[in-house]
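Here's the structure we're looking at; comments come further down.
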Amino acid sequence: DAGVIQSPRHEVTEMGQEVTLRCKPISGHNSLFWYRQTMMRGLELLIYFNNNVPIDDSGMPEDRFSAKMPNASFSTLKIQPSEPRDSAVYFCASSSLRLADTQYFGPGTRLTVL
Amino acid sequence: AQKVTQAQTEISVVEKEDVTLDCVYETRDTTYYLFWYKQPPSGELVFLIRRNSFDEQNEISGRYSWNFQKSTSSFNFTITASQVVDSAVYFCALSEAGGGADGLTFGKGTHLIIQP
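As they're listed, the protein sequences go chains A and B.
Read in our numbering, the first sequence has 897 at position 71, and its numbers run on one by one without any break.
Read in our numbering, the second sequence has 1069 at position 46, and its numbers run on one by one without any break.
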């Protein structure tokens, strides 16, 4: 079975540009999570969805960040406008809604904002 | 608020040595779930184990074993007879509602270096 798919794997952009990261969860999973990993802050939860509905976006750093999940098989994380401090690895993870179910992570998108 | 502490930033051992990675957590909930993930140099996050707060039984999987002690709020991970392929960053994580319904709180990770 295919795991969580993320695209692109690497993104280099200039400050001020819009960036869109994409995620396809594991088929049948109904929870989806976006995390960011930096050297300074480690792994931190940005937002998560249950059954395509955003449940907690308290980790989204500011209004420049937005996330959507239009259907069960696709989610996007958008940064507009991007800034150099947004440079990080962004991970998407999915799981079922069953208690204690495991989150499986995608390979991540390494974002560099110049 | 929940918190996970991995006090060991980096550990370096020689191959075939045993090594233990420490994890201490804080939570006010009586029901919670603990996880370990491995991040090899390639960068992906690989699930290793999950444990719920009602199950304090230790677990062994090959060379890996986990010791969960609620009395000390610890969930330590031991690798026996370490190998170079075990070199990675290991993360301990906590979820108060179960990984399937809530996000994970991660520790800062322990960078494990296994020298040949």
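Quick reminder that beta carbons are idealized off the backbone N, C-alpha and C, glycines included.
Remember, predicted model here, so these are calculated numbers, not experimental data.
Along the beta strand (DSSP E) that carries residue i, what are the first and last residues, could you check?
i: A1116 of chain B; result: 1111–1118
i: T1028 of chain B; result: 1026–1028
i: Y1048 of chain B; result: 1047–1049
i: E1033 of chain B; result: 1033–1037
In three-state DSSP terms, what is residue i?
i: R835 of chain A; result: coil
i: P896 of chain A; result: strand
i: R936 of chain A; result: strand
i: T928 of chain A; result: coil
i: Y1056 of chain B; result: strand
i: L1127 of chain B; result: coil
Going along chain A, which residues have a C-beta under 8 Å from residue i?
i: F1100 of chain B; result: Within 8 Å Cβ-Cβ: nothing; F1100 of chain B doesn't reach chain A, min ~16 Å.
i: K1131 of chain B; result: G868
i: F1077 of chain B; result: Residues of chain A passing the Cβ test: none, with the nearest at roughly 10 Å.
Please list the partners that residue i has in chain B, where partner means a Cβ-to-Cβ separation under 9 Å.
i: D804 of chain A; result: Since the displayed chain A opens at 827 and closes at 940, residue 804 of chain A lies outside it and no answer follows.
Name the chain A residues that come within less than 9 Å of residue i, Cβ to Cβ?
i: L1127 of chain B; result: F859, Y861, L869, L871, A919, Q929
Go ahead and label residue i buried or exposed: buried means 16 or more other beta carbons lie within 10 angstroms of its beta carbon, across all protein chains shown.
i: M895 of chain A; result: buried
i: V1037 of chain B; result: exposed
i: V1107 of chain B; result: exposed
i: L1057 of chain B; result: buried
i: L869 of chain A; result: buried
i: T935 of chain A; result: buried
i: G1132 of chain B; result: buried
i: F875 of chain A; result: buried
i: D1125 of chain B; result: buried
i: E1119 of chain B; result: buried
i: E1033 of chain B; result: exposed
i: V939 of chain A; result: buried
i: G1085 of chain B; result: exposed
i: K850 of chain A; result: buried
i: I920 of chain A; result: In the sequence under discussion, the amino acid at residue 920 of chain A is Ser, which differs from the Ile named in the question. Counting Cβ neighbours within 10 Å, S920 of chain A comes out buried, since at least 16 surround it.
i: I1137 of chain B; result: buried
i: H855 of chain A; result: buried
i: D1078 of chain B; result: exposed
So with CB distances below 7 Å, who are the chain B contacts of residue i?
i: Y874 of chain A; result: G1126
Can you name the residues of chain B whose CB is closer than 8 Å to the CB of residue i?
i: V915 of chain A; result: G1066
i: P834 of chain A; result: Those within 8 Å of P834 of chain A in chain B number zero; the least Cβ separation is about 14 Å.
i: P933 of chain A; result: G1066, E1067
Starting from the beta carbon of residue i, find every residue of chain A whose beta carbon is closer than 7 Å, and list them in chain order.
i: F1070 of chain B; result: T928, Y930
i: F1091 of chain B; result: Simply none; closest approach about 14 Å.
- At 4 residues or longer, and completely inside the region 1058–1119 of chain B: list those alpha helix (DSSP H) runs for me, N to C. none
- Task: Let me know the beta strand (DSSP E) ranges lying completely inside the region 830–891 of chain A, each 3 residues or longer, listed in chain order.
- Result: 831–833, 836–839, 845–850, 857–864, 868–876, 879–882
- Item | Start-end ranges of the beta strand (DSSP E) lying completely within the region 901–926 of chain A, minimum 3 residues | 914–921
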